[in-house]
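Notes follow once the structure below has been shown.
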Amino acid sequence: MRILRNLARRKLRTTLTVVGITIGIWALVVMSSMANKIGALVDGGSSYFADKIIVSDSANLAFGFSSAPIRVSVAADIEAIDGVDVTVPEVDMLLDPDRSGPAFNIPDRIVASMAGADKGREKFPIKAALGRLLVPEDEGKNVVVLGSDLGRKFNKKPGERMTVRGIEFEVVGILEPTLSAPDTSVWIPLAAGQALLLETLPDVMQREFKASELASSITVYPDPGVDIPALAKTIEQRVPRTQSLTGAEFDEQVGSAIAIFNAIILGVALISLVVGGLSVINTMAMSVAERTREIGVKRAIGATRARIVREVVTEAGVIGLFGGTLGLVLGAVVVLAANEAGRSSGTILFQLTAGTAIFAVVFAVILGMLAGLIPAITAARLDPVEAIRYE
């Protein structure tokens, strides 16, 4: 109670200091939640690419297309290579070709492969919250499974119908949340995806290919114990006009970019916290100056320097606790409100974890205590006699 009374002596000054800490922790919570979401998306991508190789056409297309579709027949050439277990042609494309939104948010996508034949699901499991997953009998049918975010976005349930790029599909399942790419994907059989892929190509290419001959990529599942990077190089050497992507290459490509992004957003939060820390130093220094005589009396009647340091540091820690708690609450409100507002468009930007919440409050307390250490040492070094004479 004595600590609270000391802080209440200058209510406005204490309040402003708490506000400074609050703003810093609010920024830390919001920025860290954004970093958590990005990290979850990257982890999901790493899990998806683990123990498999994604093979695509190495040629570039004109007409604004970044890469050419790959012929399904290439899968047979790849399977003939030693060390390859299974190949699965897949189609991967934007659900909305005119989509715009935050660059750091994964766009809604269409994913198509042989229905029920994705061998990698035991490593990157997806489960149906409602309805079911695709099964081999779905091949050739216009059926769709929606990721959890898209199920909410389109407000669809199994048995209802929806339009995907102008084609009507029956919804047969809604996935459980994964906090990664499947949440913003629609899953359809390969033949349906191939038909949609053909429609995206220039007219000259539509006349050249049949839909059943095309895929965006071919997923390669190696035999157990095979050196995946070496197998990827062998595929590129043995099969013309192909390029491969392994899990290690995916991690390398995105890892440095994510590290830079995280450093930027956390740096912004830390700048706010430094300002808050300086305000704590200023507040506690002024508090010590105002209580010089009181501190002198305490020292004269036997209070040790350690006790004086402890009292001042504890007061600073309480300021940090108040600011940290308020900052966490405000940050959580912003995160939840932003996510709720974004659900209608499938844009979930933040992921607030218990670890982030605990770290934010503990960090605020430690920051306050460290900031109060300098004024505390100054107070402990006061000469009792001189302090009592202080006016």
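Counted the way the working numbering counts, the sequence shown spans residues -11 to 379.
Virtual Cβ for every residue (Gly too), placed ideally from N, Cα, C.
Could you pull out every residue in the same chain whose Cβ sits closer than 7 angstroms to the Cβ of I46, ignoring the five residues on either side in sequence?
First, the residue type needs correcting, since residue 46 is Ser and not Ile in the sequence shown. Around S46: R229, T230 and Q231.
Judging by CA-CA distance, which residue of D80, E187, D137 and L83 is the nearest neighbour of A329?
D137
How many whole angstroms separate the CB atoms of R293 and A359, which I take to be in contact at a CB cut-off of 8 angstroms?
Their Cβ separation, rounded to whole angstroms, is 19 angstroms, which puts R293 and A359 out of contact at 8 angstroms.
Does DSSP classify F203 as helix, strand or coil?
As written in the sequence, residue 203 is Ala, which differs from the Phe given in the question. Correct three-state label for A203: strand.
Look at A251 and P372 and say whether their C-beta atoms are less than 7 angstroms apart.
no
Give the straight-line distance between the Cα atoms of A380 and G319, rounded to the nearest whole angstrom.
Absent from the model: residue 380. The displayed extent of the chain is -11 to 379, so no value can be given.
Classification of G255 by the beta-carbon crowding that lies within 10 angstroms, buried from 16 upward
exposed
Who pairs with D31 in a beta bridge, going by DSSP?
DSSP, once it has assigned bridges, lists no residue as partnering D31.
Report the start-end ranges of each beta strand (DSSP E) in the stretch 199 to 269 that is 3 residues or longer and not cut off at the edges.
205 to 210 and 230 to 234
Would you decide whether G299 is buried or exposed? Buried here means 16 or more other CB atoms lie within 10 Å of its CB.
It is worth fixing the name first, because residue 299 is Glu in this sequence and not Gly. Answer is buried; the Cβ neighbour count reaches 16.
C-beta contact flag for K25 and F338 at 7 angstroms:
yes
Are the beta-carbon atoms of G181 and R120 separated by less than 7 angstroms?
Result no, Cβ atoms of G181 and R120 do not sit closer than 7 angstroms.
Expressed to the nearest angstrom, what Euclidean distance is found between the alpha-carbon atoms of A117 and V17?
30 angstroms
On the DSSP letters alone, give me the boundaries of the beta strand (DSSP E) that G161 sits inside.
Unbroken beta strand (DSSP E) run through G161: I155 to L163.
Ends of the alpha helix (DSSP H) at V99?
From DSSP, V99 is part of no alpha helix (DSSP H) but of the beta strand (DSSP E) over R97 to S101.
Using the three-state DSSP reduction, which class does R120 fall into: helix, strand or coil?
Secondary structure at R120: coil, using DSSP grouped into helix, strand and coil.
If you reduce the DSSP assignment to three classes, tell me which class S46 lands in.
coil
Would you list the one or two residues that DSSP bridges to T151?
E156
Are V349 and G312 touching if we call contact CB-CB under 7 angstroms?
yes
In terms of residues, what are the limits of the beta strand (DSSP E) holding D80?
V72 to L82
Counting pairs of beta carbons, one from the stretch 57 to 70 and one from the stretch 202 to 217, are three or more of them closer than 8 angstroms?
yes
Counting along the chain, where does the alpha helix (DSSP H) carrying L178 start and finish?
Note, L178: alpha helix (DSSP H), L178 to T188.
Residue(s) in a DSSP beta bridge with S173
R97
If you measure between the beta carbons of W175 and V133, is that distance less than 7 angstroms?
yes
To the nearest angstrom, how far is it from the Cα of P363 to the Cα of G33?
49 angstroms
For R59, which of helix, strand or coil comes out of DSSP?
In the displayed model, R59 falls within a strand according to three-state DSSP.
Would you decide whether M428 is buried or exposed? Buried here means 16 or more other CB atoms lie within 10 Å of its CB.
With the chain covering only -11 through 379, there is no way to say anything about residue 428.
So what does L134 bridge to, in DSSP terms?
Beta-bridge analysis with DSSP links L134 to I162 and V174.
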